[in-house]
Amino acid sequence: MDMPVADQQDGFSDYGSEFTPDEEEILNGLLHQTPEQDDGPNRDPDFLLKDLKDEEGPRGARILRRQGQQSQDYPPLPLSKTRFTIQLDGDNNRSADIESRESRLKRESSVSIEAPLSPKPEVPDLRSPLERFRTKPKKALSVTDLISPSWCELQYWFTLTKHGKKRRTPAMKQGSAVHKVLEDQVHETVAVDITSKEEVWGLRIWNVIQGLKTLRKTGMTRELEIWGVLDGLVVNGVIDELSYICPEPELEEAEENREVAKKMPAADQRTITDFLGPSTLEGNGTGVLNKLHSALPEKTPKIYITDVKTRGTKSIPKAPSFRPTLMQLMLYHRILSDLATNKVNADVIFDRYELKADDLFSDGFIAQIGSLNEDDFLAMDSPLHMPEGSSLPSSQDSMTILLAHNSLRKLWTLMMQEFARTFSAGAKSIGNVLKAEYRTPTDGAILGNKTFLYDDTVMQKYLDSEMRWWKGERAAEGVCVEEAYKCRTCDFFDECSWRRNKIEEATLKMRERKSSVV
Numbered sequence: 001m002d003m004p005v006a007d008q009q010d011g012f013s014d015y016g017s018e019f020t021p022d023e024e025e026i027l028n029g030l031l032h033q034t035p036e037q038d039d040g041p042n043r044d045p046d047f048l049l050k051d052l053k054d055e056e057g058p059r060g061a062r063i064l065r066r067q068g069q070q071s072q073d074y075p076p077l078p079l080s081k082t083r084f085t086i087q088l089d090g091d092n093n094r095s096a097d098i099e100s101r102e103s104r105l106k107r108e109s110s111v112s113i114e115a116p117l118s119p120k121p122e123v124p125d126l127r128s129p130l131e132r133f134r135t136k137p138k139k140a141l142s143v144t145d146l147i148s149p150s151w152c153e154l155q156y157w158f159t160l161t162k163h164g165k166k167r168r169t170p171a172m173k174q175g176s177a178v179h180k181v182l183e184d185q186v187h188e189t190v191a192v193d194i195t196s197k198e199e200v201w202g203l204r205i206w207n208v209i210q211g212l213k214t215l216r217k218t219g220m221t222r223e224l225e226i227w228g229v230l231d232g233l234v235v236n237g238v239i240d241e242l243s244y245i246c247p248e249p250e251l252e253e254a255e256e257n258r259e260v261a262k263k264m265p266a267a268d269q270r271t272i273t274d275f276l277g278p279s280t281l282e283g284n285g286t287g288v289l290n291k292l293h294s295a296l297p298e299k300t301p302k303i304y305i306t307d308v309k310t311r312g313t314k315s316i317p318k319a320p321s322f323r324p325t326l327m328q329l330m331l332y333h334r335i336l337s338d339l340a341t342n343k344v345n346a347d348v349i350f351d352r353y354e355l356k357a358d359d360l361f362s363d364g365f366i367a368q369i370g371s372l373n374e375d376d377f378l379a380m381d382s383p384l385h386m387p388e389g390s391s392l393p394s395s396q397d398s399m400t401i402l403l404a405h406n407s408l409r410k411l412w413t414l415m416m417q418e419f420a421r422t423f424s425a426g427a428k429s430i431g432n433v434l435k436a437e438y439r440t441p442t443d444g445a446i447l448g449n450k451t452f453l454y455d456d457t458v459m460q461k462y463l464d465s466e467m468r469w470w471k472g473e474r475a476a477e478g479v480c481v482e483e484a485y486k487c488r489t490c491d492f493f494d495e496c497s498w499r500r501n502k503i504e505e506a507t508l509k510m511r512e513r514k515s516s517v518v
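Below you can see the structure in the form of structure tokens.
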């Protein structure tokens, strides 16, 4: 459920959170206890977030939920009643409040005789957004970072400079709760004790392996984490749903027909009949044509990407409000294609997160993970949707496999083997029909969906433009006049110079038109 810009008119986010619910409660408690620091001019945008690990990953291992455990209906989503408070030491509080009259007068008098200091002029930070916000030791780029600017680059620029990241609202938390319920219908999460960040990552990779096995076994998986390297930069995201069910077969058929039409020979191009003659292609079924057909590979099942959105209104967003979701799904398609074809360099990932890829996992970690899937592991290696002979040997259980892959580097290799088994035709195993599914934030009921085709040209053009902004090769841009409605709900409405300049330009053009008429 990786994250940002929803249809801002509704105040709902299209994306999930980088924090767990517990971390969000703690963060909200801090915000409510220190309101005077929240918007101060000298406030460090990272001071509330510096002790929370954005890269911490899942706190539990996922195992396949048995069929009898799956929910038949989507349950209601009650609001959490848990509260977290911070208790300060009583003696420290008292000592901080007690001050002698003499010391207070001395302090006040010393302040009063000091000459007033002139404020230092604010020096503009000319570093690129990438250098300021997404360079080690800060978090790496996420799908959220690349997609958020498609709503409004200036809005995301203000968000980063003032808060460091997109701040979550209660509506966004409800959306995360919907995603959690959907995930729990497929996976069961079990707590695991970890002793190092390498084991945190080992757990994340293991969950991807289990997610791919679940996809092959049941035909669907949810919350699959992915990593990619785009333009030399590490990008992380989480796909809401993968399944073997095509969201719109008619759209896929139309695309396939277009591809076939492109490959059809020109009117003046000679065909195989011209060379072999019609008599050669006729007969008792053992002719050349039959041999050609028998040599063609069988059609492999395709896997389709779905993103789940929560929306406060009953309407489905229209363009350009739909643009962030469109780009998000296409970016998932791009990264997943790279993983399916083993184009992602693991060393780049390990280096970006400063991981010791060859360190061995602890015995306790292997024992915990290895014992979780003993009942399901062998059955999950007998896939329903994969060709025969593509599964792991039946003699291997999860403990045996973990002992043979007891480091990040080896576990990553195992994950890539699982990608090869799941996406047996590489990138061609990924369907080009992408789906956005809209649900209500209260009970998760489906409102409707939008489908469209992946377009690599559009995706690459968008990525090139956004990477130029992240690298500081161009300034952030605001919305065009046709999308000015976005400004009405923007938190940075009053300070946006782009909006003021557009108003002045429109006013000047109107005056010029009036003067020309006169």
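Residue numbers (full-length UniProt numbering): 1 to 518. The beta-carbon is built from N, C-alpha and C at its ideal position, and this holds for glycine as well. A quick note: this is a predicted structure, and the numbers were derived from the prediction, not measured.
query, result
"Buried or exposed (CB count within 10 angstroms, at least 16 for buried), Ala177", "buried"
"Inter-residue spacing [alpha-carbon to alpha-carbon] between Thr451 and Lys309", "13 Å"
"Own chain, CB closer than 6 Å to Trp498, minus 5 neighbours either side, in chain order", "Leu154, Gly478"
"Start and end residues, beta strand (DSSP E) containing Thr139", "According to the sequence shown, residue 139 is Lys rather than Thr. Element bounds for Lys139: n/a, residue is neither H nor E."
"CB-CB length for Arg323 against Ser150, believed under 8 Å", "5 Å"
"Contact the segment 324 to 341 vs the segment 412 to 430: 3+ CB pairs below 8 Å", "yes"
"Reference Thr489, options Leu64, Ala357, Cys152, closest by Cα", "Cys152"
"Same chain, Cβ closer than 6 Å to Tyr485, neighbours up to 5 away in sequence not counted", "none"
"Check whether Leu126 and Lys471 have beta carbons under 8 Å apart", "no"
"C-alpha gap between Thr286 and Ala425, whole angstroms", "For Thr286, the predicted structure reports a pLDDT of 48, less than 50, and the residue's modelled location is therefore unreliable. A value from the coordinates is still provided. Spanning the two alpha carbons is a distance of roughly 29 Å."
"Asp351 vs Thr325 beta-carbon contact at 8 Å", "no"
"Residue nearest to Leu355 in terms of C-alpha spacing, selected from Glu198, Ile63, Lys165", "Glu198"
"Own chain residues within Cβ distance below 6 Å of Met399, not counting five before or after", "Gly370"
"Thr189 beta carbon near the ligand SAH (any heavy atom closer than 7 Å)", "Questions concerning the ligand SAH fall outside what the structure shown contains, since it holds no ligand whatsoever."
"DSSP three-state assignment for Ile305, whether helix, strand or coil", "strand"
"Sheet register partners of Lys435 (DSSP bridge)", "Thr306, Thr451"
"C-beta atoms of Leu453 and Asn432 nearer than 8 Å", "yes"
"Arg222 - partner residues in DSSP beta bridges", "Glu241"
"CA-to-CA distance, Ala254 to Phe133, given in whole angstroms", "43 Å"
"For Ala191: DSSP bridge partner residues", "Gly60"
"Residue range of the unbroken alpha helix (DSSP H) whose run includes Leu160", "153 to 163"
"Whole-angstrom distance between Val235 and Met415, CA atom to CA atom", "18 Å"
"Where the alpha helix (DSSP H) through Leu126 begins and ends", "That residue, Leu126, is in no alpha helix (DSSP H); it is neither H nor E in DSSP."
"CA-to-CA distance, Glu259 to Asn406, given in whole angstroms", "44 Å"
"CA-to-CA distance, Glu483 to Cys496, given in whole angstroms", "15 Å"
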